[in-house]
Amino acid sequence: MADAALAAAALAAMTRRRRIARLASPIAVIALVVALWWLVVVGTESAIFPTPWQVVAGAWELAVDGTLWEHIGASLFRVGTGFALAAAVAIPLGLWMGWFGGAYRALNPIFQMLRPISPIAWIPIAILWFGVGDVSPIFLIFISSVFPMVVQTTSGVHGIERRYLRAAANFGVSRAVLFRRVVIPAVLPEVVVGMRIGIGVAWLVVVAAEMIALRSGLGYLIMDSRNAGNRYDLVIASMVIIGLIGLCLDGATRLLERLPTVRWRYVR
Amino acid sequence: MSASKIAVHGVRKAFASAAGVLPVIEGVSLDVADGEFVAIVGPSGCGKSTLMNIVAGFETPDAGTVTVDGAAQRGPSPKGIVISQHGSVFPWLTVQQNLMFGLDGEHRREDAALADHYAAMVGLKGFEASYPRELSGGMLKRVELARALVVKPEVLYMDEPFSALDALMNLRMRNELLRILDEERHTVLLITHDVEEAVYMADRILVLSPRPATIQATFAVDLPRPRRLPSPECQQLREAVLKELGL
Numbered sequence: 133m134a135d136a137a138l139a140a141a142a143l144a145a146m147t148r149r150r151r152i153a154r155l156a157s158p159i160a161v162i163a164l165v166v167a168l169w170w171l172v173v174v175g176t177e178s179a180i181f182p183t184p185w186q187v188v189a190g191a192w193e194l195a196v197d198g199t200l201w202e203h204i205g206a207s208l209f210r211v212g213t214g215f216a217l218a219a220a221v222a223i224p225l226g227l228w229m230g231w232f233g234g235a236y237r238a239l240n241p242i243f244q245m246l247r248p249i250s251p252i253a254w255i256p257i258a259i260l261w262f263g264v265g266d267v268s269p270i271f272l273i274f275i276s277s278v279f280p281m282v283v284q285t286t287s288g289v290h291g292i293e294r295r296y297l298r299a300a301a302n303f304g305v306s307r308a309v310l311f312r313r314v315v316i317p318a319v320l321p322e323v324v325v326g327m328r329i330g331i332g333v334a335w336l337v338v339v340a341a342e343m344i345a346l347r348s349g350l351g352y353l354i355m356d357s358r359n360a361g362n363r364y365d366l367v368i369a370s371m372v373i374i375g376l377i378g379l380c381l382d383g384a385t386r387l388l389e390r391l392p393t394v395r396w397r398y399v400r
Numbered sequence: 402m403s404a405s406k407i408a409v410h411g412v413r414k415a416f417a418s419a420a421g422v423l424p425v426i427e428g429v430s431l432d433v434a435d436g437e438f439v440a441i442v443g444p445s446g447c448g449k450s451t452l453m454n455i456v457a458g459f460e461t462p463d464a465g466t467v468t469v470d471g472a473a474q475r476g477p478s479p480k481g482i483v484i485s486q487h488g489s490v491f492p493w494l495t496v497q498q499n500l501m502f503g504l505d506g507e508h509r510r511e512d513a514a515l516a517d518h519y520a521a522m523v524g525l526k527g528f529e530a531s532y533p534r535e536l537s538g539g540m541l542k543r544v545e546l547a548r549a550l551v552v553k554p555e556v557l558y559m560d561e562p563f564s565a566l567d568a569l570m571n572l573r574m575r576n577e578l579l580r581i582l583d584e585e586r587h588t589v590l591l592i593t594h595d596v597e598e599a600v601y602m603a604d605r606i607l608v609l610s611p612r613p614a615t616i617q618a619t620f621a622v623d624l625p626r627p628r629r630l631p632s633p634e635c636q637q638l639r640e641a642v643l644k645e646l647g648l
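Residue numbers (this note's numbering), protein chains in the order written: chain A, 133 to 400; chain B, 402 to 648.
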């Protein structure tokens with residue numbers, strides 16, 4: 133008994149050590165980049181480019197007076213709304229296009245044409261249609277993330293293995309059961325991939341959109357910090373925060389891959 | 402003729418290919434009696450699976466008729482369930498959800514009881530909540546078999562059902578299948594390239610010719626079960642079938 137407990141404890145310690153070891157190398161790389169940055173700034177005696185410490189101090193200042201949280205909240209709100217709208221449109225549309233050949237033939241060419249247009253190119257039209265407010269960036273996020281999700285969902289339907297559809301036909305199940313029990317779960321892993329791509333592009337676009345026409349958000353913070361007295365410490369602080377939040381968003385969508393109805397695709 | 406469960410008459414099928422029209426099946430007629438176990442043996446690529454697809458209703462013949470219980474075959478239905486080499490157990494459903502897939506879902510309690518019954522029959526007890534990825538190849542075959550049995554099909558169409566399994570599991574599943582058939586008395590149409598499998602299990606063996614497929618020979622297997630493959634009768638039959646296949 134005691135031996136078993138000891139062995140279990142040793143195993144736990146080993147996995148813990150392994151996990152730490154896996155984190156060690158990325159942390160070392162980040163530390164190296166920061167050190168290099170610091171050395172170069174100090175060495176060149178730059179008057180404008182901040183040291184890492186100045187960036188941390190600047191971010192702290194904004195965090196304490198609360199403006200940082202307002203900017204983060206504004207950006208996340210726009211991404212959340214635009215992305216949710218895009219998912220609500222793209223997933224049913226992708227299922228429909230994947231299932232019905234006629235819908236695919238009719239709609240796929242125009243989607244393939246709209247897809248490669250950078251969302252940034254839509255900015256003038258967004259301003260024309262929706263003015264300078266929350267609606268413009270939400271529209272841009274919608275445009276940027278709806279196409280990858282449609283395409284991924286459609287190709288997911290096309291990729292359903294025939295043997296599963298045949299089995300469903302063999303058991304003579306209703307259309308509702310076919311969709312709920314076979315088509316949707318078979319496509320779900322592809323939908324999750326589409327969502328990961330979509331949320332990535334959405335986050336990219338919100339920052340770009342906010343740089344141009346708004347009074348809040350992380351993109352606005354970058355432009356405002358530069359315009360209001362060359363506060364490059366805040367520019368870089370914003371960039372780092374954008375990167376960290378992007379990482380978290382990707383991690384959050386990755387959690388969907390752990391659902392049992394999605395995970396079947398990632399094992400074996 | 403009137404007693405036959407499945408009647409196939411003069412079935413032909415050709416596919417269009419780059420080289421022109423490729424005839425795959427050329428005039429196949431066969432009858433399967435109710436409760437009979439018929440094995441169709443043929444060289445690979447001879448059109449066995451196409452024939453099976455036509456009989457099970459997944460494809461339509463260019464000419465000829467397929468009737469089941471005297472009615473024309475109008476497409477796949479739970480009356481005849483196909484079990485194929487690669488299997489079609491849904492990887493996103495648990496074992497129990499797979500077993501209950503073909504049931505109407507309106508009588509959940511009865512459905513669950515039925516699923517449990519067949520899970521026990523094929524030896525899946527205790528695995529009801531597992532996902533297919535957690536099971537071995539042999540266990541997956543059992544899930545597929547049980548899922549078919551749950552809807553009480555009258556015919557089992559088996560297209561090389563055990564050929565993806567390792568040799569030992571293959572032998573084991575043959576016995577399992579025979580044991581289940583003792584209890585349930587299904588009509589079985591088995592497609593295989595394994596002559597011993599046919600000799601061990603079938604009531605009748607049909608040998609198909611190379612493409613385009615026709616029925617080249619028929620062997621009635623009047624041997625009591627359980628059969629012993631090394632017995633002189635089995636070996637004699639095996640030799641005869643292999644000779645028809647040109648081996």
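Just so it is clear, CB atoms sit at the ideal spot from N, CA and C, and this is done for glycine as well.
In this structure, A/I255 lies near A/A341, with their beta-carbon atoms less than 9 angstroms apart.
Residues of the same chain with a CB within less than 6 angstroms of the CB of A/A142, apart from the 5 flanking positions on each side, do not exist. The beta carbon of A/M327 sits closer than 6 angstroms to the beta carbons of T385 from its chain, once the five residues preceding and following it are set aside; these are given in chain order. Under the three-state reduction of DSSP, A/T147 is assigned to helix. By the C-beta density criterion, B/G503 is buried, having at least 16 other C-beta atoms within 10 angstroms. At a cut-off of 9 angstroms between C-beta atoms, B/R573 does not count as an interface residue with respect to chain A. For B/T461 and A/F232, the gap between their C-alpha atoms comes out near 23 angstroms.
Cβ contact annotation for A/R313 (same chain, cutoff 8 angstroms, sequence separation greater than five): A300 and V305, in chain order.
B/S489 and B/P533 have their alpha carbons spaced roughly 11 angstroms apart. Of all residues in the region 288–303 of chain A, those with a C-beta nearer than 7 angstroms to a C-beta of chain B are R295, Y296, R298, A299, A301, N302 and F303, reading in chain order.
Contact annotation for B/S478 against chain A: G304 [CB-CB distance below 7 angstroms, chain order]. Proximity of the region 593–602 of chain B to the region 435–450 of chain B meets the contact definition, three or more beta-carbon pairs being nearer than 8 angstroms. The beta carbon of A/L320 sits closer than 9 angstroms to some beta carbon of chain B. Residues of the region 527–547 of chain B with a C-beta less than 8 angstroms from any C-beta of chain A: Y532, P533 and R534, listed in chain order. In the DSSP annotation of this structure, the continuous segment of the beta strand (DSSP E) that includes B/P424 starts and ends at G421 to A434.
The three-state secondary structure of A/A167, taken from DSSP, is helix.
About 7 angstroms separates the CB atoms of B/P554 and B/H587; that is less than 8 angstroms, so the two are in contact.
At a cut-off of 9 angstroms between beta-carbon atoms, A/T393 makes contact with chain B. At least one C-beta of chain B is nearer than 9 angstroms to the C-beta of A/R313. Between B/A549 and B/L557, the C-beta gap is smaller than 9 angstroms, which places the two residues in contact. Taking A/M371 as reference, the option from A/A160, A/T176, A/V187 and A/I159 with the minimal CA-CA separation is A/V187.
In this structure the region 407–417 of chain B does not touch the region 619–638 of chain B; the number of beta carbon pairs closer than 8 angstroms is below three.
Within the region 487–499 of chain B, contact with chain A at the beta-carbon level (separation under 9 angstroms) is assigned to H487, G488, S489, V490, F491, P492, W493, L494, T495 and Q498. Around the beta carbon of A/V196, fewer than 16 other beta carbons lie within 10 angstroms, which makes this residue exposed. Contact of A/P317 with chain B is assigned, a C-beta pair being separated by under 9 angstroms. Among the residues facing chain B, A/V325 is not included, as its CB has no counterpart in that chain under 9 angstroms away. Burial is judged here by how many other beta carbons sit within 10 angstroms of a residue's own beta carbon; B/E535 has fewer than 16 and is exposed. DSSP, reduced to helix, strand and coil, places B/V483 within a strand of the structure shown. Each of B/H410, B/A568 and B/D505 was checked against the Cα of B/L431, and the nearest Cα belongs to B/H410. Contact between A/L227 and A/V319 holds, with the beta-carbon distance rounding to 7 angstroms and staying under 8 angstroms. Residues of the region 448–478 of chain B with a C-beta atom less than 7 angstroms from some C-beta of chain A are F459, P477 and S478, listed in chain order.
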